[in-house]
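In what follows, a structure is listed as structure tokens, so that the remarks can point back to it.
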Ligand SMILES: Nc1ncnc2c1ncn2[C@@H]1O[C@H](COP(=O)(O)OP(=O)(O)OP(=O)(O)O)[C@@H](O)[C@H]1O
Ligand SMILES: [Mg+2]
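Residue numbers (my numbering): -4 to 357.
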């Protein structure tokens, strides 16, 4: 899968842009605060319908503008696809090949992306929310049905929570909880099954990567820490009723899941060094690429934001060698020690980013 062209209008600090990308490595360089990450963000948004760094779509509107637009033209193994988005103060609309989509589920898969930014380096030790988001974004790209289940789960949980709030003043409502509990358990169980299968495969591939990067010195095991076992979901939910009514929120379910990274058999959250965390994050990201290739039969586009300054030379080399056949978009500030290496990469297309303008440099 390759992105051929990107058109942007009033997207963050980029007022007007129309560029063609190269089919291999694309290097965007420029000083800080010029628009490099904004560009990557626009591509990621077209792939997933959300930003990798803000939950508020409005933030993407160029200050003072009424609407932001992005359009990405993709060559999907010989088939032309395009994805468009328009964001204004009311919300967003998205199109796939000119057709307005009703749900994000229709978007996933048209542009497969793996993004790797410095925040991902803290995947091992960050809060569980980041790890759940990681699982969900990956599973949504792999299986559109997962997105549907997830959306339904959160919708039902919201309704259940509203009901929990109302029960205090209208105790008779307690009888209606059963219906919500059953539905929540049904969607929750489907999500648990998908997460468990995904993490098992991810763990196997990431462990191989970790071994290769560290010359066999480190093992990596990723363990799914589900908040509740599938077969006990409904039972635990029912048991938690009184507690949930007092707290006015749902205490059992997949929204509390987590994953644990065990490095050489020990919980990485407690024991991993900075370097081990970075290696683990790299192993996981590369495993994500492999999984997409295996599952979808297509190569994703790799987005590397400011990452090279965070990885040492041997890890950079490993990353570059393993992703050679992919199209990549890489941002650099010029302060990296390896900066010249990237500018001189054969076949790389180089862009200079300055004040929201992106100009081809070679
Ligand atoms: N909605 C917006 N409207 C206008 N400008 C914005 C908006 N959001 C962010 N910016 C500005 O866009 C500029 C570029 O941001 P971006 O994050 O792309 O920088 P960058 O080139 O990646 O820099 P760095 O190397 O520091 O990561 C910043 O000055 C930022 O303040
Ligand atoms: Mg940046």
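C-beta atoms are modelled at their ideal positions from N, C-alpha and C, and glycine is treated no differently.
DSSP state of residue i mapped onto helix, strand, coil
{"i": "residue 326", "result": "strand"}
{"i": "residue 334", "result": "helix"}
{"i": "residue 38", "result": "helix"}
{"i": "residue 160", "result": "helix"}
{"i": "residue 51", "result": "coil"}
{"i": "residue 103", "result": "coil"}
{"i": "residue 321", "result": "coil"}
{"i": "residue 381", "result": "Within the shown structure, residues of the chain are numbered from -4 to 357, placing residue 381 beyond reach of any answer."}
{"i": "residue 95", "result": "strand"}
Opening and closing residue of the alpha helix (DSSP H) in which residue i lies
{"i": "residue 179", "result": "172 to 208"}
{"i": "residue 72", "result": "First-last for residue 72: undefined, no H or E at that position."}
{"i": "residue 270", "result": "269 to 291"}
{"i": "residue -1", "result": "It is not in any alpha helix (DSSP H) - residue -1 instead sits in the beta strand (DSSP E) that spans -3 to 6."}
{"i": "residue 308", "result": "308 to 317"}
{"i": "residue 234", "result": "228 to 234"}
Beta-carbon proximity list for residue i, same chain, < 7 Å, skipping 5 on both sides
{"i": "residue 161", "result": "168"}
{"i": "residue 31", "result": "23, 25, 326, 348"}
{"i": "residue 125", "result": "118"}
Exposed unless 16 or more other CB atoms sit within 10 angstroms - verdict on residue i
{"i": "residue 295", "result": "buried"}
{"i": "residue 130", "result": "buried"}
{"i": "residue 314", "result": "buried"}
{"i": "residue 85", "result": "exposed"}
{"i": "residue 269", "result": "exposed"}
{"i": "residue 89", "result": "buried"}
{"i": "residue 78", "result": "buried"}
{"i": "residue 247", "result": "buried"}
{"i": "residue 74", "result": "exposed"}
{"i": "residue 280", "result": "buried"}
Start and end residues, beta strand (DSSP E) containing residue i
{"i": "residue 303", "result": "That residue, residue 303, is in no beta strand (DSSP E); it is neither H nor E in DSSP."}
{"i": "residue 15", "result": "9 to 15"}
{"i": "residue 344", "result": "344 to 349"}
Beta-carbon proximity list for residue i, same chain, < 6 Å, skipping 5 on both sides
{"i": "residue 340", "result": "20"}
{"i": "residue 244", "result": "156"}
Sequence-distant residues of the same chain with beta carbon closer than 8 Å to residue i, five excluded per side
{"i": "residue 342", "result": "17, 19, 20"}
{"i": "residue 344", "result": "16, 17, 19, 20, 21, 22, 355, 357"}
Review point. In chain order, what residues place their C-beta within less than 7 Å of a heavy atom belonging to ligand 2?
Key: Here the residues close to ligand 2, judged by CB distance below 7 Å to any of its heavy atoms, are 31, 32, 300, 301, 326 in chain order.
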